[in-house]
Every structure is written in C-alpha cells, then in structure tokens.
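What follows is one structure encoded as structure tokens, with my remarks underneath.
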Amino acid sequence: MDTKILIGKFVGELPRGRIFVTRELLTFGVRSTVDCVTSSMVGKGIIIRLANGVFVRNDIGLKMPSLEVIVEAKARAFAKKVNSLGVQLASESKMTPKPRRRVANQKVEIEKTGIKAESIVASYAVLGCTSSFRTIYGRVQFRHTAGRKYFLSERKEAKNLVAWWASVPGKNFDDIINTHLCRLGGKEKKRFKEVGAWAPAWISDLLVDDPPRFSTQALNTIYPHATNVDYGGPPPEPRVAESAVVYRIAG
Numbered sequence: 248m249d250t251k252i253l254i255g256k257f258v259g260e261l262p263r264g265r266i267f268v269t270r271e272l273l274t275f276g277v278r279s280t281v282d283c284v285t286s287s288m289v290g291k292g293i294i295i296r297l298a299n300g301v302f303v304r305n306d307i308g309l310k311m312p313s314l315e316v317i318v319e320a321k322a323r324a325f326a327k328k329v330n331s332l333g334v335q336l337a338s339e340s341k342m343t344p345k346p347r348r349r350v351a352n353q354k355v356e357i358e359k360t361g362i363k364a365e366s367i368v369a370s371y372a373v374l375g376c377t378s379s380f381r382t383i384y385g386r387v388q389f390r391h392t393a394g395r396k397y398f399l400s401e402r403k404e405a406k407n408l409v410a411w412w413a414s415v416p417g418k419n420f421d422d423i424i425n426t427h428l429c430r431l432g433g434k435e436k437k438r439f440k441e442v443g444a445w446a447p448a449w450i451s452d453l454l455v456d457d458p459p460r461f462s463t464q465a466l467n468t469i470y471p472h473a474t475n476v477d478y479g480g481p482p483p484e485p486r487v488a489e490s491a492v493v494y495r496i497a498g
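Mapped onto the working numbering, the consecutive letters of the sequence shown carry residue numbers 248 to 498.
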C-alpha cells in the first residue's frame, strides 16, 4: 500500500488530540517519503506541526497541547526522559542559581547558527547531548546533565539537594540546610541524609550526623535500572569481554 495512504489512515484513526511523532510513521516508508507526506499534510492543514517531527491532527475545536506535553513527545521520539534543571529548582527555592559556564566554542556556535540564549523559552535536563529544537511556543533546549544530578532530580525527596547543588552557597547555607532538616520527620530526615551522600562533598559533609551513625540501609546506587548492585557476594561477571585481538606497537 502507498506510504501516503498508510500515513493518512494512521492519522485518521488517532484519538482526538493525540500527539504523534515522525518515528511512529517510519514503518510506512523511508524517511524522505514520510517527511514529504507530513510536510504536505501540514501545508493542507490536515495536521499541525507542534515541533520538529511532532504533530497533532487539526481537528475542529482542537485545544493546543501545552509546551510540557510537546517536550515529552519530542523526548519520547529520541528515547529520552526530561527532568527539571537544577538552576530552575534553585530559582523555585529562592536561591541564586550558578551562572552557566560557557564553553570555548559556544560563542562561535551562536554566531554560526544565530541562536542566542535569550531565544530559549524553556530548558530541560537530559542524559545525552545538548540540543535544541523549535516548537510553536519557541525554541526549547535539552541540556546535558551529569548522571548523579539527573537521577537525584527524579527523586521527590532529593530535589532540594539538586537546587542547592545548582545554587551559589551563601553565608547562611548551613542555616538553609538545618531549616530544611527541621521540617522533616525522623525517617524522612534519615533517608534525606542517606540520599545526600550522592551530592557533592560540600553538601554531603554538612549532612553527616555528629557523631556519625552506622547504617546498613544506605543507598548503594541512585540509578533506577541498576542490577547486581549488592556486592555482598562475589562480584558480577563483566558484561563486556575483551576481544582476543593481539595488539602490537610498532617499534
């Protein structure tokens, strides 16, 4: 069956308001053909391009999806999950975010692409490369984030840690930590301090009990998909074996 007919059938059978991405259409034909068909459907007003590669059927009375929903769909197309950036959590906590460090080639990239930081309407933390894309609300950025910071931001009880990590610690930083700890119950405080071990030392050092307490329940990882992390027995077999290739260095 023709690619155009298959895509038209797919779009027509979608529930009202259901977002779809280009990747869902690639079983109907090669990428270049799929792009031509979707571009034609956008031009005819059959579908609306919400972002690069993200669409919705243009139904009568359609309520436009929010920016967050569009971002989630875009991330899904690249097998990613987005989280709040630490600087955003710091701002929400009424703390001063750390200024973003500019890499050496960032100014050159801005001059080459014409994309300035001011044109970014929203930024999200991802595991992977930093990238940006256009949406109907403006340009959105997926910003590379360190693994520890990313997985801490996924935990409800650890968002304060991420906010502190991304902020400029002032003279009253000790008071901010103590105030937060006073708001927690006994078990919550214990868990928060255990999770705090995954924050930088300038934060985790302030969470150590005085005198320190012994615990066998502390987290040995914050990675949600970790396996074989209980090393009480023999260590797990390596998943990747070194090849038998003999390497020679020319003398």
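Even glycine gets a Cβ: it sits at the ideal position worked out from N, Cα and C.
Please read all numbers here as calculations on a predicted model, not as lab measurements.
The three-state reading of DSSP puts Ile-450 in helix, counting H, G and I together. By the CB criterion at 7 Å, Leu-314 and Tyr-384 fall inside the cutoff. Cβ-Cβ distances below 8 Å link Arg-386 to Ile-362, Ser-366, Ile-367, Val-368, Ser-379, Phe-380 in the same chain, with the five nearest sequence neighbours on each side left out; the list follows chain order. According to the DSSP assignment, Leu-374 belongs to no beta strand (DSSP E), since it is labelled neither H nor E. Taken through DSSP and simplified to helix, strand or coil, Val-368 comes out as strand.
Listed as beta-bridge partners of Pro-344 by DSSP are Ser-414. Looking at the backbone, the Cα of Lys-251 and that of Arg-390 are separated by about 35 Å. Between Leu-399 and Ala-405, the C-beta spacing is below 7 Å. Selection Leu-336, Gly-308, Phe-302 evaluated against Lys-321 yields Phe-302 as nearest (Cα-Cα). Annotation for Arg-323: the continuous alpha helix (DSSP H) segment containing it runs 314 to 324. Less than 7 Å separates the beta-carbon of Gly-443 from that of Leu-454.
Using a Cβ distance threshold of 7 Å, Ala-337 and Ser-414 count as a contacting pair. Classified as exposed, Asn-467 has fewer than 16 neighbouring CB atoms from the shown chains inside 10 Å of its CB. Bridge partners of Ile-294 according to DSSP: Arg-304. A contact between stretches requires three or more CB pairs, one per stretch, nearer than 8 Å, and the region 285 to 301 fails this requirement with the region 369 to 376.
Residues of the same chain with a CB within less than 7 Å of the CB of Met-342, apart from the 5 flanking positions on each side, are Ala-410, Ser-414 in chain order. For the options Arg-304, Lys-437, Ile-254, Leu-297, the alpha carbon positioned closest to that of Val-316 is the one of Leu-297.
With respect to the C-alpha of Gly-375, the residue from Ile-294, Gly-276, Ala-326 having the closest C-alpha is Ala-326. The DSSP-derived three-state label of Ile-254 is helix.
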